[in-house]
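Our numbering applies: residue 1085 is where the sequence shown begins, and numbers increase by one.
The structure under discussion appears below in the form of structure tokens.
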Amino acid sequence: MSLAKKVAHNTFIQILGKIISVIVAVAAIAILTRYLGTEQFGWYTTSIAFLQFFGILADFGLVLVTSQMLAANPNRQNSIIQNLFTFRLLTAFLIIGVAPIIVLFSPYPIAVKHAVLLMSAMFFSIAMQQIFTGLFQKQLAMKAVVWAEIISRILLIAGVGFVAYINAGFLWAMLAITIANIIQLLILATAGMKVIQLKLAYDKTIWKEIIHKSYPIAFAIFFNMIYLRADILILSLQRTQAEVGLYGAAYKILDVVTQAPIMFMGLMLPILT
């Protein structure tokens, strides 16, 4: 298969997978909004927006950095992945780990604080997924990533639907969402370990290169996230959680639209490198 066909094939797989996962995710959101109501959906929206700032601080653009570094150093794949994995594990734990502490000093309802504590595990798993996504992007083998996302979304809607059916409550719904994302990480890690040897590693030279390549992307992502997410946090401090819930439900559309250029850039970067 030619390079152009590989890019087209992987782009098609990602778009198809994204369409399926978006449909399932929208269905899950529909269940959530109906089950939780405007106020509790506002709790969910506020919790996610709060954690996203820490998730972005921990991001470092490592999906792109991983695929770029692997493409530039094909003979050092194991060493690079191991150092990237260790770097991501440390930074994600340190940065996302402080979110449940900081939220304790906020004026948010106690349910939001509990949700932030619970869903910190979800954002940690999302951060760890970056390394494996970058690995499969470099190899133009995105089937594993797509399948992991689809399975995760199916488990998400099943979990949220079950919580709504038995009327388990807000925090159980947050737990269902968190578990679905953790399972997505486990699927990616299992697929990734068939390709590379995964273990902790520290190579000063590689870590310097990671930081050098990632900080411009990290700054760009961070300021973009402030532009896209600060409104929800400001709204959550000035208005009721019911109003935040209404705004957050409508805002999901923009999240879907912004995925297409990110997917294409991720596929093209290893080739351009």
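Glycine included, each C-beta is placed from N, C-alpha and C at the ideal position.
Among the options, the one whose alpha carbon lies nearest that of residue i
i, options, result
"M1309", "E1123, L1141, A1112", "L1141"
"V1110", "V1244, F1306, K1292", "V1244"
"K1278", "L1219, D1287, K1292, T1129", "L1219"
"Q1214", "Q1223, I1305, L1272, I1104", "L1272"
"R1172", "K1227, V1106, T1150, Q1098", "T1150"
"I1263", "K1283, S1320, L1239", "L1239"
"A1260", "P1193, G1145, L1202", "L1202"
"Q1136", "S1190, L1100, I1107, F1208", "F1208"
"K1102", "A1252, I1295, I1180, V1229", "V1229"
"T1130", "F1096, I1104, Y1192", "Y1192"
"F1189", "F1134, H1296, I1295", "F1134"
"I1180", "V1200, A1195, L1148", "V1200"
"G1139", "M1206, F1254, I1318, I1241", "M1206"
"I1104", "N1251, S1320, F1246, I1241", "I1241"
"G1253", "A1195, H1296, L1321, Q1152", "A1195"
"V1147", "K1283, L1100, M1212, S1320", "M1212"
"Q1152", "H1296, I1318, K1283", "H1296"
Nearest-angstrom Cα separation, counted from residue j out to residue i
i, j, result
"E1123", "V1187", "19 Å"
"T1289", "I1165", "14 Å"
"T1274", "F1303", "31 Å"
"N1162", "K1197", "39 Å"
"S1204", "G1126", "18 Å"
"A1176", "Q1281", "21 Å"
"L1154", "F1306", "24 Å"
"L1178", "I1132", "18 Å"
"I1210", "F1216", "11 Å"
"L1255", "V1108", "21 Å"
"G1121", "F1246", "17 Å"
"V1106", "L1100", "10 Å"
"F1096", "D1143", "26 Å"
"N1251", "V1182", "31 Å"
Exposure of residue i, with buried meaning 16 or more beta-carbon neighbours within 10 Å
i, result
"M1258", "buried"
"P1184", "buried"
"Y1128", "buried"
"F1169", "buried"
"K1222", "buried"
Own chain partners of residue i with C-beta closer than 6 Å, once the 5 adjacent residues on each side are dropped
i, result
"Y1119", "A1248"
"G1276", "F1216, L1219"
"K1283", "Q1166"
Proximity test, Cβ basis, 8 Å: residue i and chain B
i, result
"G1218", "The structure shown contains no chain B, having only a single protein chain."
Closer than 7 Å: residue i CB and nearest the ligand FMN heavy atom
i, result
"F1096", "This structure lacks the ligand FMN; in fact it carries no ligand of any kind."
Neighbourhood of residue i by C-beta, 7 Å cutoff - its chain only, sequence neighbours within 5 removed
i, result
"G1145", "S1298, I1301, A1302, I1305"
Neighbourhood of residue i by C-beta distance below 8 Å, restricted to the same chain and skipping five residues each side
i, result
"N1167", "A1285, Y1286, D1287, I1290, W1291, I1294"
"L1321", "P1191"
"I1318", "none"
When you compare the stretch 1147-1162 with the stretch 1111-1123, are there three or more beta-carbon pairs, one atom per stretch, that lie closer than 8 Å?
Too few Cβ pairs lie closer than 8 Å, so no.
Measuring CB atoms only, is the stretch 1263-1271 touching the stretch 1234-1254, in the sense that at least three cross pairs come out at less than 8 Å?
Segments in contact, yes.
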